[in-house]
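Numbering (the working numbering), first residue to last: 1 to 132.
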């Protein structure tokens, strides 16, 4: 991931950059070194917020929603362990921070609640704005 000390370089030479190691389907994990949970994204995205702008987006990683199969990359195939409230929080945080809304689970297996979150046109529109 990119370091905040290199924010100026990232803004000058890239349109999107990773700001953290892999994020998985939990609010937080112990030890806090790997993988990252949703909670860690709040601090990471806040730190990078001054560097968000037209053509400059910090990538907080994919959003691990729904079925994580057939080979999730970490752990066994499973349904995401995020609660409906955590899914809403993560999707909204990504949108506020202008992080790319990359969905990491099998979309055809989303339940109605998750589908409603990721199809919310107002939240997607917020993500697509250059700045608030």
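Don't be surprised by glycine CBs; every beta carbon is placed ideally from N, CA and C.
Since this is a predicted model, take the numbers as computed values, not measurements.
Sequence-distant residues of its chain with Cβ nearer than 6 Å to residue i (five each side left out)
{"i": "residue 109", "result": "66 and 67"}
{"i": "residue 51", "result": "7 and 11"}
{"i": "residue 91", "result": "117"}
Start and end residues, beta strand (DSSP E) containing residue i
{"i": "residue 18", "result": "16-18"}
{"i": "residue 59", "result": "57-59"}
Whether residue i touches residue j by CB criterion (8 Å)
{"i": "residue 57", "j": "residue 88", "result": "no"}
{"i": "residue 106", "j": "residue 69", "result": "yes"}
{"i": "residue 14", "j": "residue 44", "result": "no"}
{"i": "residue 59", "j": "residue 18", "result": "yes"}
{"i": "residue 64", "j": "residue 25", "result": "yes"}
Proximity to residue i [Cα-Cα], best of the options
{"i": "residue 86", "options": "7, 9 and 40", "result": "40"}
{"i": "residue 22", "options": "34, 48 and 118", "result": "34"}
{"i": "residue 55", "options": "16, 104, 27 and 121", "result": "16"}
{"i": "residue 4", "options": "42, 38 and 49", "result": "49"}
{"i": "residue 104", "options": "111, 123 and 73", "result": "73"}
{"i": "residue 1", "options": "81, 46, 61 and 53", "result": "61"}
Cutoff 8 Å; reference residue i; Cβ partners in own chain excluding five residues on either side
{"i": "residue 113", "result": "84 and 87"}
{"i": "residue 129", "result": "98"}
{"i": "residue 124", "result": "95 and 101"}
Other residues of its chain near residue i: CB distance less than 7 Å, five sequence neighbours each side excluded
{"i": "residue 127", "result": "94, 95, 98 and 101"}
{"i": "residue 29", "result": "35 and 37"}
{"i": "residue 27", "result": "37, 38, 39 and 86"}
First and last residue of the uninterrupted alpha helix (DSSP H) at residue i
{"i": "residue 98", "result": "Premise fails: residue 98 is in no alpha helix (DSSP H) and is neither H nor E."}
{"i": "residue 122", "result": "121-128"}
{"i": "residue 39", "result": "38-48"}
{"i": "residue 69", "result": "First-last for residue 69: undefined, no H or E at that position."}
{"i": "residue 75", "result": "Run containing residue 75: none; DSSP gives neither H nor E here."}
{"i": "residue 113", "result": "112-118"}
Identity of the residues DSSP links to residue i by a beta bridge
{"i": "residue 103", "result": "63"}
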